[in-house]
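Numbering (my numbering), first residue to last: 159 to 217.
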């Protein structure tokens, strides 16, 4: 599994992975972190908000 995944269309992404821990880092077009962005995972019934560094974690 690659360390980093480049996304061509940042609006919608479907990614299927089988892991125990997941860390999301949301960045904008210029590579800057996006604080307080919303990450929604409907299959897990989760709605997460990124911190001031643009990161959120699922354990």
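Idealized CB from N, CA, C, for every residue including glycine.
Exercise for the section: May I have the straight-line CA-CA distance separating residue 190 from residue 203, to the nearest angstrom? Expected result: Taking the first residue of the chain shown as position 1, residue 190 is located at position 32. Taking the first residue of the chain shown as position 1, residue 203 is located at position 45. Whole-angstrom Cα-Cα distance: 28 Å.
Practice task
Take the Cβ of residue 172 as the centre, count every other Cβ of all protein chains shown within 10 Å, and call the residue buried at 16 or more, exposed below.
Solution key: The residue you call residue 172 lines up with position 14 of the chain shown. Exposed, since its Cβ has fewer than 16 Cβ neighbours within 10 Å.
Problem - Exposure of residue 207, with buried meaning 16 or more beta-carbon neighbours within 10 Å - result: By one-based count along the chain shown, residue 207 stands at place 49. Classification of residue 207: exposed, given that the 10 Å Cβ count is below 16.
Exercise for the section: Can you give me the start and stop residues for the beta strand (DSSP E) that residue 164 sits inside? Expected result: As a first step, residue 164 is located in the chain shown; it is residue number 6 there, counting from the start. No beta strand (DSSP E) contains residue 164, which DSSP labels as neither H nor E.
Exercise for the section: With DSSP as the reference, label residue 199 as helix, strand or coil. Expected result: In the chain shown, counting from the first residue as 1, residue 199 sits at position 41. In the three-state scheme derived from DSSP, where H, G and I count as helix and E and B as strand, residue 199 is classed as strand.
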